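Colleague: My numbering applies: residue 7 is where the sequence shown begins, and numbers increase by one. The C-beta atom is built at its ideal place from N, Cα and C for all residues, glycine as well. The model shown is predicted, which means the values in this text are computed figures rather than measured ones.
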Amino acid sequence: MIQSIKLKYLLTLTAALALGANLAVADDTPLGKEMSSMNKSLRALKKQVADPAKKDDSLALVAKMKKNLEESVKFDPAKTKDQPAAGKDAYLANYKEQMQALGKSIDELEAAIKADKPEDAKKVFEKLSEQKEKGHKDFAPDE
Ligand code: HEM
């Protein structure tokens, strides 16, 4: 009996610690915060982009993503500090370039929503996913 209570306690503690560790990673950096916010907007947009009644709300979400992006460009990825000094400039230039490309896609998303073209918006979602994947492969810490 006591053994099983101990075990339960241990399991709860382990779960709490694991959760705590996850929370510590999430939103850990100012850049991470902007990214999380962008992610939330994008998830909402994917659900509602074809809904004409939500057009204004969708455009507001896109505007929020643009703000997040503007902020994101101001920060250096946390991994910048691990780059060899000689490669740092190129690393950051590449980061800014990929961010700019992301900004272009967000503009395209906005244009598609404004023009009531959800099919075009869905194509941009695919592009955004690819840009996110590449950006994270090149700049984000391993999960
Ligand atoms: C639609 C596109 C994108 C979405 C939705 C997205 C979303 C996210 C999310 C959810 C995180 C984890 C944040 C956290 O909780 O800590 C993250 C982290 C990160 N992302 Fe993105 N991301 C996108 C595109 C990009 C691109 C294009 C780049 C690079 C050019 C990038 C670079 C990073 C970096 C460097 C981190 C780690 C934070 C840090 O180093 O401080 N992301 N992103």
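Nearest CA to the CA of E76: which residue from K53, A50, K94 and A107?
Modeller: A107
Colleague: I need the DSSP call for E136, collapsed to helix, strand or coil.
Modeller: Three-state DSSP puts E136 in a helix.
Colleague: From this set, L65, K128 and A84, which residue's C-alpha is nearest D148's C-alpha?
Modeller: If we check each option's Cα against that of D148, A84 comes out closest.
Colleague: Can you give the Cα-Cα distance for M105 and M41, rounded to whole angstroms?
Modeller: 11 angstroms
Colleague: Leaving out five residues on either side along the sequence, give the residues of the same chain with a beta carbon under 7 angstroms from the beta carbon of V130.
Modeller: S111, E114, L115 and A118
Colleague: When you compare the CB positions of S64 and L51, do they come within less than 8 angstroms of one another, or not?
Modeller: yes
Colleague: Can you confirm whether A92, when its beta carbon is compared against all beta carbons of chain B, has any partner nearer than 8 angstroms?
Modeller: Absent from the structure: chain B. Only one protein chain is present.
Colleague: Identify, in the order they occur along the chain, each residue of the same chain with its Cβ nearer than 8 angstroms to the Cβ of K60, setting aside the five sequence neighbours on each side.
Modeller: Q54
Colleague: From what residue to what residue does the alpha helix (DSSP H) around A118 run?
Modeller: K94 to K120
Colleague: Taking DSSP as the reference, what is the three-state secondary structure of P83?
Modeller: coil
Colleague: Is the beta carbon of S47 sitting closer than 8 angstroms to the one on K70?
Modeller: yes
Colleague: Three-state secondary structure (DSSP) at E149?
Modeller: coil
Colleague: Where L29 and K102 are concerned, what is the direct C-alpha to C-alpha distance, given to the nearest angstrom?
Modeller: Annotation note: pLDDT 46 at L29 (below 50); position unreliable, coordinate value reported separately. Straight-line Cα distance between these residues: approximately 27 angstroms.
Colleague: Report buried or exposed for L19, applying the criterion of at least 16 other Cβ atoms within 10 angstroms of its Cβ.
Modeller: Any answer about L19 is weak, because its pLDDT of 47 lies below 50 and its placement is not dependable; what the coordinates show is given next. L19 comes out exposed.
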